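Chemist:
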Amino acid sequence: MTVVLVVIGLIMAVLAVAGSLLPIIPGPPLGFAALLVLSFAKDWEPFSAEFLIIAGATALLIEVLDNVLPAEGARRYGASKFGIIGAVVGIVAGFLIMPPLGIIIGALLGAVAGELAANKSGHDALRAGWGVFMGFMVGTLIRVAYTLGILFFYIKELF
Numbered sequence: 072m073t074v075v076l077v078v079i080g081l082i083m084a085v086l087a088v089a090g091s092l093l094p095i096i097p098g099p100p101l102g103f104a105a106l107l108v109l110s111f112a113k114d115w116e117p118f119s120a121e122f123l124i125i126a127g128a129t130a131l132l133i134e135v136l137d138n139v140l141p142a143e144g145a146r147r148y149g150a151s152k153f154g155i156i157g158a159v160v161g162i163v164a165g166f167l168i169m170p171p172l173g174i175i176i177g178a179l180l181g182a183v184a185g186e187l188a189a190n191k192s193g194h195d196a197l198r199a200g201w202g203v204f205m206g207f208m209v210g211t212l213i214r215v216a217y218t219l220g221i222l223f224f225y226i227k228e229l230f
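Going by our numbering, the sequence shown runs without a break in its numbering and finishes at 230.
(1) I believe ILE175 touches PHE223 by the beta-carbon criterion, under 8 Å. Please report the beta-carbon distance rounded to the nearest angstrom.
(2) Taking buried to mean at least 16 other C-beta atoms within 10 Å of its own C-beta, is ILE155 buried or exposed?
(3) Three or more C-beta pairs closer than 8 Å, one from the region 133–144 and one from the region 105–125: is that the case here?
(4) Helix, strand or coil for ALA189? Go by DSSP, reduced to three states.
(5) Once the 5 residues before and after GLY165 are set aside, which same chain residues still bring their CB inside 6 Å of it?
(6) Just reading off the alpha helix (DSSP H) that ALA126 is part of, what are its end residues?
(7) Are THR129 and TYR225 closer than 8 Å when you measure CB to CB?
(8) Taking a contact to mean a Cβ-Cβ separation below 8 Å, would you say VAL160 touches GLY181 in this structure?
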């Protein structure tokens, strides 16, 4: 039973890294769950309670940031409320039409469309779209770093 749980946890940790790159899989929560599976399989010895609490809180924070960063990026690059709303609508539409790549494209196009609807210039609209893209990329970098760290700690505890 222990070996099966360890293998399941390892698969979860690897999928967490993939999920950090593909927005369709929630990478950080899956990585945290992998740590919990390994801890359970090894009678809660590999990681301290403090480590697990910090890892879980960090995963939660990353999920929140992941939803905030694209809009914040748009705002920092001069997007109006229309651009931010357009980005959110674009994320949802992109997810429904062409996941996972559609999320990125949808957010960018939604921000541009929102800015154009607000009578902003093409330059300003593209700038807002770029801000959404940059926010998304920062979020992706944070997710990848976290899940690679989880995978590192998981493998370290196996050996």
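Every residue gets a Cβ at the ideal spot worked out from N, C-alpha and C, and that includes glycine.
In this text the structure is predicted, and so the values were computed from the model without any measurement.
Modeler: Working from what's here:
(1) In fact, because the Cβ distance is near 27 Å, the residues do not count as touching under 8 Å.
(2) buried
(3) no
(4) coil
(5) GLY173, ILE174, ILE176 and GLY177
(6) 120–147
(7) no
(8) yes
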